[in-house]
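Enquirer: Quick note on numbering: the sequence shown equals residues 75 to 372 in our numbering.
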Amino acid sequence: MMRVFIMMILLLAPLLSHAELRVFSCEPEWAALAEEMGGDLVEAYSATTALQDPHYIQARPSLIAKVRRANLVICSGAQLEIGWLPALMQKANNRDVRPGSRGYMEASNFVVRFDATASVDRAGGDIHPLGNPHVQTNPHNVAAVAGILAERMAELDAENASIYESRSADFLLRFGEAIQEWELKAAPLRGKRAITHHKSWVYLERWLGIDEVGNLEAVPGLPPTATHLSKLTKEFTDGGADVIIRAPYQDGKPSKWLAERTGITAVVLPLTIGGTDGATDLFSLYDDILSRLLGAVQ
Ligand SMILES: [Zn+2]
């Protein structure tokens, strides 16, 4: 009887075992991508939610513990997390994931980054001196990161390399088909003019042919001021913009204020997974962004 019992435990063991790779992600989209690449082999954790501003979070002890246990850290990079990630890394003191190691990657290093302004002083307000870090708003960027991420995961967990490879190929096939559908669906957005709260959407805009004609923040990272909003009101009272965009974590008052005075429709778009009820994975994220945008401009 005891022998049968032990046999059963041994047979069940693989089902009960822990994930092979613990991935610490700074933002939900990269955690979701790691899960797409690894499935059950991966335990992915995101430091921020879509309802938090990824530029500014607290380096909580629970996050330090997560980094300490991680095999792989993936973040947007380009200084998006400079306010909190270095402190986490230092306190976690995990040599497997320190910058420069195979266990650390910045997604924005693998895409064409827009708007690098090396001459702009971060202290002067611009929080994107190395270029815009919000690369996930274009799915082509996510696809570019997917292959690199899968390679890294295969390297860190060589035993399961073939699984990461095949999952990556399968994801890229399905995601590529979805991108084609999104591009067809988004055709009416081409040439539309957007005012955005923060410069969060430059990759989405370039992807879909939307013109960014203004920002509610006068300088990226500094909250909208009354003076700047008055200026925008004057500028756009007689048209000139089709939609005002903000992310769920951004204060809704400035876009509402401008919408009421100019008649331009204000819309909330999920900047990442979890930003809206509809954005539950990397596919429904863009579905939801597009239906919200189309609804706002039509
Ligand atoms: Zn930003």
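C-beta atoms are modelled at their ideal positions from N, C-alpha and C, and glycine is treated no differently.
What you are looking at is a predicted structure, and each value in this text was computed from that prediction instead of being measured.
Are residue 150 and residue 101 close, meaning C-beta to C-beta below 9 Å?
Expert: Yes, Cβ-Cβ distance for residue 150 and residue 101 is below 9 Å.
Enquirer: Can you check which of these residues, 294, 281 and 250, is closest to residue 270 by C-alpha distance?
Expert: Of the listed residues, the one whose Cα sits closest to residue 270 is 294.
Enquirer: For residue 183, count neighbouring C-beta atoms within 10 Å of its own C-beta (all shown protein chains included) and say buried if the count is 16 or more, exposed if not.
Expert: Residue 183 should be labelled exposed.
Enquirer: Considering only C-alpha positions, which residue in the set 207, 302, 140 and 131 is nearest to residue 190?
Expert: The residue with the shortest Cα to Cα distance from residue 190 is 207.
Enquirer: Measuring CA to CA, which of 170, 127, 216 and 228 is closest to residue 112?
Expert: The shortest Cα separation from residue 112 among 170, 127, 216 and 228 belongs to 228.
Enquirer: Is it the case that the Cβ atoms of residue 133 and residue 99 are separated by a distance below 9 Å?
Expert: Not closer than 9 Å, so no.
Enquirer: So the candidates are 288, 314, 215 and 230; which of them puts its Cα closest to the Cα of residue 374?
Expert: Residue 374 lies beyond the stretch modelled for the chain, which goes from 75 to 372, so this question has no answer here.
Enquirer: Can you give, in chain order, each stretch of the beta strand (DSSP E) that sits fully within the stretch 302-330 and has at least 3 residues?
Expert: Qualifying beta strand (DSSP E) stretches, in chain order: 317-320.
Enquirer: Between residue 295 and ligand 1, is the CB less than 8 Å from at least one heavy atom?
Expert: Yes, ligand 1 has a heavy atom inside 8 Å of this Cβ.
Enquirer: Kindly indicate which residue of 253, 175, 255 and 358 has the alpha-carbon position closest to the one of residue 103.
Expert: The candidate whose alpha carbon is nearest that of residue 103 is 358.
Enquirer: Would you decide whether residue 135 is buried or exposed? Buried here means 16 or more other CB atoms lie within 10 Å of its CB.
Expert: By the 10 Å Cβ count, residue 135 comes out exposed.
Enquirer: Given this structure, state the Cα-to-Cα distance separating residue 124 from residue 309, to the nearest angstrom.
Expert: About 31 Å.
Enquirer: Quick one: grab the DSSP three-state call for residue 234.
Expert: Residue state, collapsed to three classes: helix.
Enquirer: Considering only residues of the stretch 136-205, which uninterrupted alpha helix (DSSP H) runs meet the minimum length of 4 residues and lie entirely inside it, listed in chain order?
Expert: As far as the stretch 136-205 is concerned, its whole alpha helix (DSSP H) runs of at least 4 residues are 159-166.
Enquirer: Leaving out five residues on either side along the sequence, give the residues of the same chain with a beta carbon under 6 Å from the beta carbon of residue 268.
Expert: For residue 268, where only same-chain residues beyond five positions count, the Cβ hits under 6 Å are 284, 286, 317 and 319.
Enquirer: With contact counted as at least three CB pairs below 8 Å, one residue from each stretch, are the stretch 155-163 and the stretch 137-146 in contact?
Expert: With the cut-off at 8 Å, the stretch 155-163 and the stretch 137-146 touch.
Enquirer: Which word fits residue 186, buried or exposed, when buried means at least 16 other C-beta atoms lie within 10 angstroms of its C-beta?
Expert: Looking at its Cβ environment, which holds fewer than 16 other Cβ atoms inside 10 Å, residue 186 is exposed.
Enquirer: Helix, strand or coil for residue 288? Go by DSSP, reduced to three states.
Expert: Three-state DSSP puts residue 288 in a strand.
Enquirer: Tell me, please, which residues DSSP counts as bridged to residue 268.
Expert: Paired residues: 286 and 317.
Enquirer: Candidates 217, 313 and 210: which alpha carbon is nearest residue 336's?
Expert: The option with the nearest alpha carbon to residue 336 is 313.
Enquirer: Can you tell me where the beta strand (DSSP E) holding residue 119 begins and where it ends?
Expert: 116-120 is the span of the beta strand (DSSP E), which, as asked, contains residue 119.
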